[in-house]
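In full-length UniProt numbering, the protein residues as written are 1 to 368.
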Amino acid sequence: MSKRRDAGANRRIPSGRISHFYFKEEFDINPTAPAPPKRSLRWIVPILPIAIFCTSIVLAVAFTVRDTKQHGPAVETLKTEAFRWAVNRAMSAAELTQTANSRDEWSIVSTWWKEAIELMGAVPKSHPKYQLAQQKVEEYQQNLTYAQTRVDNNNRNGVTATHLWSIGSRRIDVLSIQGEPTHQSRYDALCQEVMYYGGSVVELSNGIVVRYEDQDKNLRVASNNAIVSAPKAPFVWTLGSSKDEVFKIQGTPSRVVRYDSLRKETLYYNYNTIELTDDHVTGYNNLDGTLKVAMTPVLLPNTNFSSFWTIGSDRNEVFRVQGTPSQVSLEHSLCRETLRYGGSTVELKNGFVSGYDNISKNLRVKVQ
């Protein structure tokens with residue numbers, strides 16, 4: 001196949017002519033006008049301080065209005081709810097007064113009476129129970145004085161978990177102290193359970209308290225610096241016991257490994273291990289049976305004492321039926337806790353039984 005030549009490729013350009021296909025000559029017939037002179041900004045300088053001052057005033061007014069809108073409802077709520085909150089707090093103080101036997105517990109009683117006095121003092125004159133509130137202030141003041149004398153005359157420290165609960169307490173401890181919640185919600189996929197006591201909220205993860213909000217002043221929760229001891233039999237420790245309690249009962253460990261970034265610690269007693277999180281027991285492995293550990297179930301009123309547990313039973317029910325496991329391991333990230341009884345295992349999710357493996361045929365389980 002012959003190749004075609006470009007007809008115009010070798011075309012000659014006549015002499016004296018310039019083809020517009022190849023050359024273009026531009027002539028500037030409209031020269032660019034000179035740029036106008038820049039205006040001076042000196043006139044802004046005298047008014048700049050005035051502008052800044054006015055802007056600051058506008059911002060201050062805006063923030064003040066916003067702050068008023070935010071705090072206004074809170075102030076109105078305090079006026080309407082102060083009497084009810086004061087009564088709730090006074091009831092908690094009065095009940096703890098009946099069982100308090102340590103300096104820390106009497107200190108909490110004193111704090112609650114102070115709070116009840118402040119709330120009663122906040123009841124406005126327009127409130128229908130204003131006169132009663134004034135009488136209660138005098139009554140609560142006498143109770144506060146008594147509690148403060150008990151603080152000064154008591155050298156015993158610590159708080160018993162049968163009286164108060166705290167961050168890190170188990171679900172059953174909250175129920176035994178607070179009673180049944182007005183309503184509750186479980187979100188197993190999020191490893192979360194929320195219990196409501198009126199307007200107050202207790203949030204749990206893996207069946208352990210992680211957060212609370214005492215809106216109605218009715219939660220019997222210990223202060224952050226109080227040492228709360230898990231309920232147990234004498235001379236043994238349990239889940240929730242403090243590190244100091246373990247040392248006192250179990251003695252000095254043969255080895256200690258700390259994981260500061262995770263706030264965890266492992267205590268070794270020969271081949272046995274005890275797992276701590278935030279200085280409280282969350283798991284253990286009693287390989288040779290020398291750990292002085294016991295799971296003492298909490299017996300709630302009106303409990304149906306069955307001789308077996310099933311899928312959906314809570315941790316406390318398993319302990320009541322099966323006794324103390326040989327091993328307990330808690331994996332927060334997986335929302336899973338494993339109880340081992342010999343070769344058998346019980347799996348819990350968010351504090352409730354989700355599965356089991358009865359290899360040793362020793363689990364008292366009944367699937368309904």
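A virtual CB, placed ideally from N, CA and C, is assigned to each residue, including glycine.
Residue span of the beta strand (DSSP E) that contains VAL210, given as start and end: 208 to 213
Proximity below 9 Å, CB of ARG364 to CB of SER307: yes
Inter-residue Cα distance where the pair is residue 369 and PRO301: Beyond the ends of the chain as shown, which are 1 and 368, falls residue 369; an answer cannot be given.
Sheet register partners of TRP113 (DSSP bridge): TRP113 is not bridged to any residue.
Buried versus exposed call for GLY179 [16 or more other C-beta atoms within 10 Å across all chains shown]: exposed
Contact under 9 Å by Cβ, VAL362 with GLY207: Inspection of the sequence shows that residue 362 is occupied by Asn rather than by Val. Not a contact, by the Cβ cut-off of 9 Å.
Sheet register partners of ASN272 (DSSP bridge): TYR269
CB contact flag (MET295, THR273, <9 Å): no
Proximity below 9 Å, CB of TRP113 to CB of ALA93: yes
DSSP bridge partner residues for ASP314 (one or two, in chain order): PHE352
Cutoff 6 Å; reference PRO73; Cβ partners in own chain excluding five residues on either side: Low per-residue confidence applies at PRO73: pLDDT is 49, beneath 50, and the placement is therefore not dependable, though the value from the model is reported in the following sentence. Answer for PRO73: no residue qualifies.
ASP67 in three-state terms, based on DSSP: Any reading at ASP67 must be qualified, since the residue scores a pLDDT of 46, below 50, and its modelled position is unreliable; the value itself is stated next. Three-state DSSP puts ASP67 in a helix.
C-alpha gap between SER166 and LEU204, whole angstroms: 11 Å
Nearest-angstrom Cα separation, counted from ILE311 out to SER354: 6 Å
Unbroken beta strand (DSSP E) run spanning ARG150, endpoints: No beta strand (DSSP E) holds ARG150; the alpha helix (DSSP H) holding it covers 130 to 152.
Of the residues TYR269, ARG258, SER241, ARG211, the one placed nearest GLY251, counting alpha carbons only: TYR269
The stretch 118 to 134 touching the stretch 242 to 249, judged by at least three CB pairs closer than 8 Å: no
For VAL201, the first and last residue of its enclosing beta strand (DSSP E): 200 to 205
Opposing strand residues paired with GLN327 [DSSP bridges]: ASN285, ARG340
N- and C-terminal bounds of the beta strand (DSSP E) containing GLN184: 183 to 187
Burial state of GLY240 (16 or more Cβ within 10 Å): buried
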